[in-house]
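Quick note: the sequence shown uses the UniProt record's numbering, first residue 1, plus one each step. The C-beta atom is built at its ideal place from N, Cα and C for all residues, glycine as well. If you're wondering where the values come from, they're calculated on a predicted model, not measured in any experiment. Structure first, commentary second.
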Amino acid sequence: MSVFFSQLLALMKKEFLAIWSDKKSRVIIIVPPILQLFVFSFAVTLEVKNISIGVIDRDNSVKSRELVRSLSYSNSFTNVYRIESQKDIQKAIDTQKVIAVVYIPNEFAKNIQSKRKTTLQIIADGRKSNTAQITQSYMQNAINRTFNDIKVEQNVIVNRNLYNPNLDNFWWILPNLIGTISMLVALLLTALSVARERELGTFEQILVTPLSSSALMIGKTIPPLLISIVDASIIFTLSVFLFGVPFVGSLFIFAIGIVSFLFSIVGLGLFISSIVSTQQQGILGAFVLLVPYILMSGFATPVENMPEWLVPFTDIVSLKYFLVLLKGVYLKDIGFDIALELIVPMLVLGFISLGAATWMFSKKVA
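Below you can see the structure in the form of structure tokens.
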């Protein structure tokens, strides 16, 4: 057993040296993470559609029902759910059933009729700052159209956003960037791994070692996994101390989430590397997978915006689970039971992809 581990450590050391000595790999480790961190932090804006909102009607009058009906018939909202109590508001937002809830208070109709100040409260999910802000604008427009005969100064709409009170874009984008940038690094490093060995002529030397195909895959998994974790940790540190994004959750859950996610990505990268012959093919294969992976994760647009036939395919995208986990530990302090529901799918996808890579590797060297 000690001989096995010493051989495995030697292989891992060789892999670290190979990554650092290769100019392409050094560029992948250093340039893209820093560049994307600053570019995406300031440049990303999103369009919002297919929104689900909630309504809690304490007045239950003709005027309040007219408002609810107006929201229901608005083209901006796909679903308008009735919410019975204030306790259910947070539950509906926590489970992402709705992005925002409008609270209609008692004596709403009476205040309108007597021309007194009427206050409506919109409670939105601040974890999705861009979506929440646009949703609030849609809701305000719908309310104003319903009561266009009432002067604006007579009505006050109070907005309150859970988890991101000021709808700061950094609070939304930077947790997402931890997932996408670390994924890029892990995917490219592993996609080039076996292909680089073939180009350098060292692939045959590895095959004559006494290690099995599984051990070789382990040796090629750990170095890029550790490098990607370091990159993710750097982005995490910058997001908190440079950009001021609060972190209210558990570092333990955060660490398990990063390892689980990057484990799934490393498996995908090794699978790509096992079926290509050159580093150029490996880079091309990584980017072919990278673009749809990001688009289907909910990073750029909500999963709810996608066609119904496409939504089930997002379940095999580990980035989708990781982004939900990131925003949960950053802004909400989710418990381990909720985190486990997101971590387990990532681990399962990781074992499947790594198993497929090992099988393909064994098939090629047989």
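*State yes or no: is the C-beta of isoleucine 122 within less than 9 Å of the C-beta of alanine 100?*
Here the question's residue 122 lines up with position 122 in the sequence shown. Here the question's residue 100 lines up with position 100 in the sequence shown. Contact: yes.
*For the stretch 53–106, which segments carrying the alpha helix (DSSP H) assignment without a break, of at least 4 residues, lie completely within its bounds, in sequence order?*
62–73, 86–94
*To the nearest angstrom, how far is it from the Cα of valine 348 to the Cα of serine 264?*
The count along the sequence shown starts at 1 and reaches residue 348 at position 348. The count along the sequence shown starts at 1 and reaches residue 264 at position 264. Near 8 Å, if we compare the C-alpha coordinates of serine 264 and valine 348.
*Measure the C-alpha to C-alpha separation of arginine 69 and aspartate 57 and round it to an integer number of angstroms.*
Within the sequence shown, residue 69 is the residue found at index 69, counting from 1. Within the sequence shown, residue 57 is the residue found at index 57, counting from 1. In a straight line, the C-alpha of arginine 69 is about 12 Å away from that of aspartate 57.
*Can you give me the Cβ contacts of valine 98 inside the same chain, cut-off strictly under 7 Å, excluding the 5 residues immediately before and after it?*
Counting from 1 along the sequence shown, the entry for residue 98 is found at position 98. Hits under 7 Å: Ser52, Ile53, Gly54, Tyr81, Ala92.
*Pairing CB atoms from the stretch 232–252 with CB atoms from the stretch 175–191, are three or more of them under 8 Å?*
yes
*From glutamine 154 to leucine 242, what distance separates their C-alpha atoms?*
Counted from its first residue, the sequence shown places residue 154 at position 154. Counted from its first residue, the sequence shown places residue 242 at position 242. Residue placement at glutamine 154 is poorly supported in this model, since its pLDDT is 48, which falls under 50; the coordinates are not used for a value here.
*Going by CA-CA distance only, name the one from Arg198, Pro223, Leu167 that's closest to valine 259.*
The residue given as residue 259 occupies position 259 in the sequence shown. Ranking the options by Cα distance to valine 259, first place goes to Pro223.
_When you compare the stretch 313–329 with the stretch 63–77, are there three or more beta-carbon pairs, one atom per stretch, that lie closer than 8 Å?_
no
_Can you list, in chain order, the residues of its chain with a C-beta nearer than 6 Å to that of lysine 151? Leave out the 5 residues immediately preceding and following it._
In the sequence shown, counting from the first residue as 1, residue 151 sits at position 151. Its pLDDT being 47, under 50, lysine 151 is placed unreliably by the model, and nothing is read from it.
*Taking 8 Å as the threshold, find out whether the stretch 301–312 comes into contact with the stretch 332–349 through three or more Cβ pairs.*
no
*Buried or exposed: leucine 340, going by 16 or more other Cβ atoms within 10 Å of its Cβ?*
In the sequence shown, counting from the first residue as 1, residue 340 sits at position 340. That one is exposed.
_Extent of the continuous alpha helix (DSSP H) run through threonine 146_ = Within the sequence shown, the letter at position 146 stands for residue 146. Taken as a continuous stretch (DSSP letters only), the alpha helix (DSSP H) holding threonine 146 covers 129–146.
*asked:* Is the beta carbon of tyrosine 293 closer than 9 Å to that of methionine 217?
replied: Locating residue 217 in the sequence shown gives position 217, counting from the first residue. Locating residue 293 in the sequence shown gives position 293, counting from the first residue. No, the pair does not count as a contact, with Cβ atoms beyond the cut-off.
*Own chain residues within Cβ distance below 8 Å of phenylalanine 170, not counting five before or after*: Start at 1 with the first residue of the sequence shown, and residue 170 comes out as number 170. Ser41, Ser239, Phe243, Gly244, Val245, listed in sequence order.
_Using C-beta distances below 6 Å, list every residue in its chain close to threonine 95, excluding the 5 sequence neighbours before and after it, in chain order._
Looking up residue 95 in the sequence shown gives position 95. Excluding sequence neighbours, threonine 95 sits near nothing in its chain.
_Taking 7 Å as the limit between beta carbons, can you name the residues of its chain near valine 62, skipping five residues before and five after?_
On the sequence shown, position 62 is the one that residue 62 refers to. Closer than 7 Å at the Cβ level, and outside the excluded window around valine 62, lie Ala109.
*What three-state label does DSSP hand isoleucine 122 in the structure shown?*
In the sequence shown, the residue the question calls residue 122 occupies position 122. Of the three classes helix, strand and coil, the one that applies to isoleucine 122 here is strand, per DSSP.
*Would you decide whether aspartate 125 is buried or exposed? Buried here means 16 or more other CB atoms lie within 10 Å of its CB.*
The count along the sequence shown starts at 1 and reaches residue 125 at position 125. The residue is buried, with at least 16 neighbouring Cβ atoms inside 10 Å.
*Run through DSSP, which three-state label would leucine 310 get?*
By 1-based counting over the sequence shown, the position of residue 310 is 310. Leucine 310 falls in the coil class under three-state DSSP.
*Strand pairing of asparagine 161, partner residues [DSSP]*: As a working mapping, residue 161 is identified with position 161 in the sequence shown. Beta-bridge pairing links asparagine 161 to Ala124.
*Whole-number beta carbon distance between glycine 267 and leucine 189, since they are thought to touch under 8 Å*: Start at 1 with the first residue of the sequence shown, and residue 189 comes out as number 189. Start at 1 with the first residue of the sequence shown, and residue 267 comes out as number 267. The pair is not a contact, with the Cβ atoms about 13 Å apart (cut-off 8 Å).
*With DSSP collapsed to three states, give me the class of isoleucine 294.*
What you label residue 294 is simply residue 294 of the sequence shown in a count that begins at 1. Isoleucine 294: helix per DSSP, three-state reduction.
*When DSSP labels each residue in this structure, what does isoleucine 265 get in the three-state scheme?*
By 1-based counting over the sequence shown, the position of residue 265 is 265. The answer is helix: DSSP assigns isoleucine 265 an H, G or I state.
*For glutamine 281, which of Gly249, Thr358, Ala357, Ala191 has the nearest alpha-carbon?*
As a working mapping, residue 281 is identified with position 281 in the sequence shown. The option with the nearest alpha carbon to glutamine 281 is Ala191.
*Name the two residues that bound the continuous alpha helix (DSSP H) containing serine 182.*
For the purposes of this step, residue 182 is taken as the residue at position 182 of the sequence shown. Run containing serine 182: 169–191, per the alpha helix (DSSP H) assignment.
*Check the DSSP bridge columns for isoleucine 51 and list the partner residues they point to.*
Residue mapping note: residue 51 aligns to position 51 of the sequence shown, counting from 1. Isoleucine 51 is bridged to Phe77.
_Considering Cα atoms alone, identify which of Lys320, Tyr103, Ser273 is closest to glutamine 86._
As a position in the sequence shown, residue 86 is number 86, starting the count at 1. Out of Lys320, Tyr103, Ser273, Tyr103 has the C-alpha closest to the C-alpha of glutamine 86.
*For glutamine 113, count neighbouring Cβ atoms within 10 angstroms of its own Cβ and tell me buried if that reaches 16, exposed if not.*
Within the sequence shown, numbered from 1, the residue matching residue 113 stands at position 113. Flag for glutamine 113 reads exposed.
*Could you tell me which of Val344, Phe271, Tyr321, Met139 sits nearest to serine 193, measuring between CA atoms?*
Looking up residue 193 in the sequence shown gives position 193. Of the candidates Val344, Phe271, Tyr321, Met139, the one whose C-alpha sits nearest the C-alpha of serine 193 is Phe271.
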